[in-house]
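Q: Residue numbers (the numbering used here), protein chains in the order written: chain A, 1 to 311; chain B, 1 to 311; chain C, 1 to 252; chain D, 1 to 252. Glycine included, C-beta positions come from ideal geometry on N, C-alpha and C.
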Amino acid sequence: DPDERAFQERINAGGKIEPKDWMPDGYRKNLIRQIGQHAHSEIVGQLPEGNWITRAPTLERKAILLAKVQDEAGHGLYLYCAAETLGITRDEMFEALHEGRMKYSSIFNYPTLTWADMGAVGWLVDGAAIMNQVPLQRTSYGPYARAMVRICKEESFHQRQGFDIMMKMCNGTDAQKKMAQDALNRMWFPSLMMFGPSDENSVHSEQSMAWKIKMNSNDELRQKFVDQTAPQAEYLGLTIPDETLKWNDKKGGYDFAEPDWNEFFDVLKGNGPCNQERLQTRKTAWEDGAWVRDGMLAHAAKKRAMKVAAE
Amino acid sequence: DPDERAFQERINAGGKIEPKDWMPDGYRKNLIRQIGQHAHSEIVGQLPEGNWITRAPTLERKAILLAKVQDEAGHGLYLYCAAETLGITRDEMFEALHEGRMKYSSIFNYPTLTWADMGAVGWLVDGAAIMNQVPLQRTSYGPYARAMVRICKEESFHQRQGFDIMMKMCNGTDAQKKMAQDALNRMWFPSLMMFGPSDENSVHSEQSMAWKIKMNSNDELRQKFVDQTAPQAEYLGLTIPDETLKWNDKKGGYDFAEPDWNEFFDVLKGNGPCNQERLQTRKTAWEDGAWVRDGMLAHAAKKRAMKVAAE
Amino acid sequence: MGNDALFQTLLRLGDNTLILGHRVSEWCGKAPVLEEDIALANTALDLIGQTQMWLGYAAEVEGANRSADDLAMLRDVWDFRNILMVERPNLDFGHTMMRQFLFDAYHHALLGALARSTDPRIAEIAAKAVKEATYHLDRSAETVIALGDGTPVSHDKMQTALNLLWPYTGEMFESDDTDAALAAQGVIPDPASLREAWTATVQTTMAEATLDIPEDSFAHKGGRTGKQHTEHLGHLLTQMQWLQRAYPDARW
Amino acid sequence: MGNDALFQTLLRLGDNTLILGHRVSEWCGKAPVLEEDIALANTALDLIGQTQMWLGYAAEVEGANRSADDLAMLRDVWDFRNILMVERPNLDFGHTMMRQFLFDAYHHALLGALARSTDPRIAEIAAKAVKEATYHLDRSAETVIALGDGTPVSHDKMQTALNLLWPYTGEMFESDDTDAALAAQGVIPDPASLREAWTATVQTTMAEATLDIPEDSFAHKGGRTGKQHTEHLGHLLTQMQWLQRAYPDARW
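Below, the structure is given as structure tokens:
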């Protein structure tokens, strides 16, 4: 197929694909799946942190957390817009989320149980997200790449804020240190899972790499994340809950234990600690809000009609 | 009317009227109003105290409060049963409550804002209620009088528990003393209002006295309440928020300020601090519970049908 | 009086923004539309920012070695000075936005007047905050109009919200000796003087929203004096203050 | 291990009754029928009474000069040892009663076995509590049957409740080294040994209630080890503990 060849050559040459350009069906579908899942993750990702906004310990921490959650909603907005350029509407994506046909990142199916989790989410979860996202600034689809540029800037800010909370906790009272260690214990392996299983077991990987909508292998990114995070944990005086973790001079990186992939697949199937509640919260919000959306649409239509009549 | 004369003579002689006896329409109507209002007060009265069950400071206090609120629901049950003997159903009374055609005691339209309010409610509100209720043990309508006997026994127990909380608070920290005084400040006048305006202004009083469904004048009971409560406040080291309150040797009782009757009528009209919420809570409970009542009735009907079929 | 009157006044300003900011923040992740999620978080953020300024100044004026955080996190209900309206639960989105509008219309007028305060700190804070309040008012008015004028369902919900909230609006224009003393010095406007501008805004907006303004003038009060809050405030504090109460010696 | 194993076990017993008692008490004044209001208050009262005994004994065993109230009011989430099911929010009346039934069926079997404990204090407490649990089980089973068999609407609601709660039942029969150590000494039964009686009760009841038992055997856990509670527990504690946290030097 000459179209397909030209398309691939353009990508190989580092060119960007734009909404009106020809693209293979699989490229379009894969991107919708990937961008949509990313957008849903930003939206559902508001909930674990939102869980502590009303319990933030100081006014400043409350403000920082609010700003962060607002940023995440904003990221969701960029990403839904990017996906919409591929011929799907935001409402269709919401529907797919609510019916379980589209996913969001499994990490948000874990609970936030103490204030230290607000630190750990920023440090580990945003940290892992950035590992994934930075290369995607160079992804082949233009709107997606541009959304990523904006998002990455804010995410790295969030990660620093998370680390800052962890610092405060680790330099705080015994109870605060205990909270910080407990948060790390619970979130370490789920964070490693964020990169997905080994690419050997991944269906989409090879084609996605060729299309440059996936830039690195899962194992590669996971290694990079561990190499970055282990010294930070040491600096904080925290112990990563992995007795096998140690520096390997030969490979120039850390050896570490794999997460429990059975747990990963359980969570994916809907059996994570919070799957049911996260999805229900979103569905309830959507259903309870129907009258608002209807009202706003009706008002906008009346205004348009009046404008037309006046012209 | 000879019926009416015989009826009145029986009452005058200290006899009891029973459900199947002849009685004037007005007697029946007045009793339904009075017993129904009393029953509703027990039910709505669960809410201000229920407001602190989940925040009770110790396990023992939580247990005592639960037992008390359970007693109140029980009182409601006795009273609805007593009213039902007069030819009205419990559901009809609920409907009248929800539609605002029947009232409950205005005192429950005031909020409970600190733990000391749990003491003040027992001490003052139950105290005032007992003043009203003790004489009603001798009321002319048999089922009502008998319900009152059971209720009075438990109420005086509640009042002592309330006073016990006040004692603990008044012998406690400065903050606890402040809470206790604040509770008295807010609840004093509303408690005085519980006896109703001066009988001169009351529509039902004279006839109700003759029928012995009202045993004492409002002012008489209010005086008795103040005379009982003022020394208790002194004993607790609390100041009743009435600068004019002082012992009057000549009348052998306290002089005291009238409550603000405008506030009383405002609350009666629906403008108390909690009217809207108390009623809404009950309506919501009733509406949300409709499927439960329907389910239980349907199951009971099926069981009856099966029993008949088996016979 | 002097300092204490100023302290009380600053608490009234800061507690309003603190408690309303808290309520608005409860929507996080649950708004009917994504754009509203963002806007509500933004409003909450502005209100918490204003709280830091008002309570920060209050703490200085008190001079009792308390911080803005101490004031927010370590007082019990009776020491709060916010009006009752802002502590009401969110109920539905319509109620939340109607409450926001009724408050914004007042807040905008109040901050405009405070920007001319004879107390330079108050004037400075108000000058900054009034810009945010202008934006909040534009937005909440627009939403109230859209939903009032929208469908029969949205119209009914907004009318119900207005009816429910109306008895809580009068407290904004109440005044006491504290107000009188500070108004005489030009530190704050006489609360009653704000009613005209507020009423004008409300009338215009409700007309566009096709909503009827209730005629009853009964006003609940007790919040800004601290005499009698609603039961909702205590529950709000259990959440807001738990962490500080549970770990009194920690720094966050 | 020794004392600590016993302490952990007593926390597991007492935290279950404490947290479930709290949840049930949230219904106060809001049940669908007056008789249910009374019954729910009564259940909560029994559970809080049992909590006083379990946590009272736990405090003695710990020997750290803490009281039952200290254990209830001054621990943070990670130190709670209740199963996840009891901290779930009430949702509707059907969910509340289904949760109660699934717990009662377990609690009844557990207390029956504990009444034969080699630890005389445990045996004594259990002997008292099992009478209450028998009554609770009769009542909750009856309600589940009535609503399961009632109308199509009530049937659906009960089936939804059962489906939602099912993944939270497995944790009741989990065990760890603490259980193994105490079971070997005859202090407690092996949790797994309770499953048979529980399953029989559940099967009989659900058959009468015309409800389908889910087939999935996935089990949420983390509550009885304290490793990972749900987000709901922290919110429950803000209410339950606020007063003690806010006034640490007061006696009530």
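(1) Note down, in chain order, every chain D residue with its Cβ under 8 Å from the Cβ of R251 (chain C).
(2) Please say whether D255 (chain A) and T244 (chain A) have beta carbons closer to each other than 8 Å?
(3) Pull up the distance between the alpha-carbon of K157 (chain D) and that of T160 (chain C), whole angstroms please.
(4) Of the choices C:D79, C:I48, C:G148 and C:T151, whose alpha-carbon is the least far from that of G223 (chain C)?
(5) Can you find a CB in chain C that lies within less than 8 Å of the CB of T238 (chain D)?
(6) Tell me, to the nearest whole angstrom, how far the beta carbon of Y141 (chain A) is from that of I32 (chain A); I am working on the premise that it is less than 8 Å.
(7) Cβ of R186 (chain A) within 8 Å of Cβ of V44 (chain A)?
(8) Give the secondary structure of D265 (chain D) by DSSP, where H, G and I count as helix, E and B as strand, and everything else as coil.
(9) Starting from Y80 (chain B) and walking both ways along the alpha helix (DSSP H), at which residues does that stretch end?
(10) Can you check whether the C-beta of F93 (chain D) is within less than 8 Å of a C-beta belonging to chain B?
(11) Counting contacts by CB-CB distance shorter than 8 Å, is D76 (chain C) in contact with chain D?
(12) At which residues does the alpha helix (DSSP H) containing Y57 (chain C) begin and terminate?
(13) With 16 as the cutoff for other CB atoms within 10 Å, does M1 (chain C) come out buried or exposed?
(14) Terminal residues of the continuous alpha helix (DSSP H) containing G253 (chain A)?
(15) If we define contact as Cβ-Cβ less than 8 Å, is T178 (chain D) a contact residue for chain A?
(16) Could you list which residues in chain B have their beta carbon closer than 9 Å to that of E208 (chain D), in chain order?
(17) Only counting the same chain, and skipping five residues up and downstream in sequence, which positions put a Cβ closer than 7 Å to that of W247 (chain A)?
(18) Bridge partners for W247 (chain A) per DSSP, in chain order?
(19) Kindly indicate which three-state DSSP category I17 (chain B) falls into: helix, strand or coil?
(20) Who are the near neighbours of D242 (chain B) in its chain, counting only those whose CB is closer than 6 Å to its CB and skipping five residues on each side?
(21) Which residues of chain C have a Cβ atom closer than 8 Å to the Cβ of R245 (chain D), listed in chain order?
(22) Show which residues of chain C have a CB atom less than 8 Å away from the CB atom of D266 (chain B).
(23) Rounded to the nearest angstrom, what separates K177 (chain B) and S191 (chain B) at their Cα positions?
(24) Less than 8 Å between the C-beta atoms of G226 (chain C) and R81 (chain C), yes or no?
(25) Terminal residues of the continuous alpha helix (DSSP H) containing L257 (chain C)?
(26) For R66 (chain C), which residues in the same chain have their Cβ closer than 6 Å to its Cβ, ignoring the five residues on either side in sequence?
(27) Are the region 288–296 of chain A and the region 81–99 of chain C in contact at 8 Å, needing three or more beta carbon pairs?
(28) Does the region 49–62 of chain B come into contact with the region 112–124 of chain B, if we say contact requires no fewer than three beta-carbon pairs (one atom in each stretch) closer than 8 Å?
(29) Can you tell me whether A300 (chain A) is buried or exposed, with buried defined as 16 or more other CB within 10 angstroms of its CB?
(30) For the alpha helix (DSSP H) that R282 (chain B) lies in, which residues bound it at each end?
(31) Please determine, among D:I125, D:E124 and D:I145, the residue with the shortest C-alpha to C-alpha distance to T210 (chain D).
(32) Measure from the C-beta of H75 (chain B) to each C-beta in chain D and report whether the shortest distance is under 8 Å.
(33) Mind checking whether A141 (chain D) and F101 (chain D) have CB atoms under 8 Å apart?
(34) Determine the burial state of W261 (chain B): buried for a count of at least 16 other Cβ atoms within 10 Å of its Cβ, exposed for fewer.
(35) In terms of alpha-carbon separation, which member of D:T134, D:E35, D:L111 and D:H22 lies closest to D190 (chain D)?
(36) Quick one: does A141 (chain D) have its CB under 8 Å from some CB of chain B?
A: Judging by the given coordinates:
(1) Along the third sequence, one-based indexing puts residue 251 (chain C) at 251. Chain D residues near R251 (chain C): none, gap ~17 Å exceeds 8 Å.
(2) Walking along the first sequence from the start, residue 244 (chain A) turns up at place 244. Walking along the first sequence from the start, residue 255 (chain A) turns up at place 255. It is a contact, given that the beta carbons lie within the stated cut-off.
(3) As a first step, residue 157 (chain D) must be located in the fourth sequence, where it is residue number 157. As a first step, residue 160 (chain C) must be located in the third sequence, where it is residue number 160. Distance between the alpha carbons of K157 (chain D) and T160 (chain C) is about 30 Å.
(4) Locating residue 223 (chain C) in the third sequence gives position 223, counting from the first residue. Here the closest residue by C-alpha is C:D79.
(5) Taking the first residue of the fourth sequence as position 1, residue 238 (chain D) is located at position 238. Residue contact check for T238 (chain D) against chain C: a CB pair falls below 8 Å.
(6) For the purposes of this step, residue 141 (chain A) is taken as the residue at position 141 of the first sequence. For the purposes of this step, residue 32 (chain A) is taken as the residue at position 32 of the first sequence. Actually they do not touch by this definition, with Cβ atoms about 10 Å apart.
(7) Against the first sequence, residue 186 (chain A) aligns to sequence position 186. Against the first sequence, residue 44 (chain A) aligns to sequence position 44. At the C-beta level, R186 (chain A) and V44 (chain A) stay beyond 8 Å of one another.
(8) A question about residue 265 (chain D) goes unanswered here, because the residues of chain D that appear run from 1 up to 252.
(9) As a position in the second sequence, residue 80 (chain B) is number 80, starting the count at 1. Where Y80 (chain B) is concerned, the enclosing alpha helix (DSSP H) starts and stops at L59 to E84.
(10) The residue given as residue 93 (chain D) occupies position 93 in the fourth sequence. Interface flag for F93 (chain D) against chain B is set, since a Cβ pair is found closer than 8 Å.
(11) Here the question's residue 76 (chain C) lines up with position 76 in the third sequence. Look at D76 (chain C): its C-beta is under 8 Å from a C-beta on chain D.
(12) The count along the third sequence starts at 1 and reaches residue 57 (chain C) at position 57. Where Y57 (chain C) is concerned, the enclosing alpha helix (DSSP H) stretches over L34 to E62.
(13) In the third sequence, counting from the first residue as 1, residue 1 (chain C) sits at position 1. With a pLDDT of 42 at M1 (chain C), under the threshold of 50, the modelled position of that residue is not reliable, and the figure given next carries that caveat. Residue burial is scored here from C-beta neighbours: M1 (chain C) has fewer than 16 other C-beta atoms within 10 angstroms and is therefore classed as exposed.
(14) Here residue 253 (chain A) refers to the residue found at position 253 when the first sequence is read from its first residue. Where G253 (chain A) is concerned, there is no enclosing alpha helix (DSSP H), although the beta strand (DSSP E) around it starts and stops at G253 to D255.
(15) Position 178 of the fourth sequence, counting from 1, holds the residue named residue 178 (chain D). Chain A, which has no Cβ nearer than 8 Å to the Cβ of T178 (chain D), makes this no.
(16) For this step, residue 208 (chain D) is matched to residue 208 along the fourth sequence. Chain B residues near E208 (chain D): none, gap ~10 Å exceeds 9 Å.
(17) Position 247 of the first sequence holds residue 247 (chain A). The answer, listed in chain order, is Y254.
(18) In the first sequence, residue 247 (chain A) corresponds to position 247, counting from 1. Its beta-bridge partners are A:Y254.
(19) Reading the second sequence from its first residue, position 17 is the one you call residue 17 (chain B). In the structure shown, I17 (chain B) sits in a strand (DSSP, three-state: E or B).
(20) The residue labelled residue 242 (chain B) in the question sits at position 242 within the second sequence. So the qualifying residues of the chain are F256 and A257.
(21) Residue mapping note: residue 245 (chain D) aligns to position 245 of the fourth sequence, counting from 1. Correct list: W242, R245 and A246.
(22) Position 266 of the second sequence, counting from 1, holds the residue named residue 266 (chain B). Neighbours of D266 (chain B) on chain C, chain order: F218.
(23) As a position in the second sequence, residue 177 (chain B) is number 177, starting the count at 1. As a position in the second sequence, residue 191 (chain B) is number 191, starting the count at 1. One C-alpha to the other measures close to 20 Å.
(24) Here residue 226 (chain C) refers to the residue found at position 226 when the third sequence is read from its first residue. Here residue 81 (chain C) refers to the residue found at position 81 when the third sequence is read from its first residue. Against a cut-off of 8 Å, the Cβ pair of R81 (chain C) and G226 (chain C) comes out as a contact.
(25) The structure shown has nothing for residue 257 (chain C), since chain C only spans 1 to 252.
(26) For the purposes of this step, residue 66 (chain C) is taken as the residue at position 66 of the third sequence. If we look at R66 (chain C) and ignore the five residues flanking it on each side, its Cβ neighbours are A59.
(27) Counting Cβ pairs under 8 Å, three or more are found: they touch.
(28) Cβ pair count under 8 Å is three or more, so yes.
(29) The sequence position of residue 300 (chain A) within the first sequence is 300, counting from 1. By the neighbour-count definition (other C-beta atoms within 10 Å, threshold 16), A300 (chain A) is an exposed residue.
(30) Mapped onto the second sequence, residue 282 (chain B) falls at position 282. N275 to D288 is the extent of the alpha helix (DSSP H) around R282 (chain B).
(31) Position 210 of the fourth sequence, counted from the first residue, corresponds to residue 210 (chain D). With distances taken between CA atoms, T210 (chain D) lies nearest to D:I145 out of D:I125, D:E124 and D:I145.
(32) Indexing the second sequence from 1 puts residue 75 (chain B) at position 75. No, because no Cβ of chain D sits closer than 8 Å to the Cβ of H75 (chain B).
(33) Walking along the fourth sequence from the start, residue 141 (chain D) turns up at place 141. Walking along the fourth sequence from the start, residue 101 (chain D) turns up at place 101. Yes, the pair counts as a contact, with Cβ atoms nearer than the cut-off.
(34) As a position in the second sequence, residue 261 (chain B) is number 261, starting the count at 1. Around the beta carbon of W261 (chain B), a 10 Å sphere encloses fewer than 16 other beta carbons of the protein chains shown; the residue is thus reported as exposed.
(35) Sequence index remark: in the fourth sequence, residue 190 (chain D) carries index 190 (1-based). In terms of CA proximity to D190 (chain D), D:L111 leads the group D:T134, D:E35, D:L111 and D:H22.
(36) As a first step, residue 141 (chain D) must be located in the fourth sequence, where it is residue number 141. Not closer than 8 Å to any Cβ of chain B, the Cβ of A141 (chain D) fails to qualify, so no.
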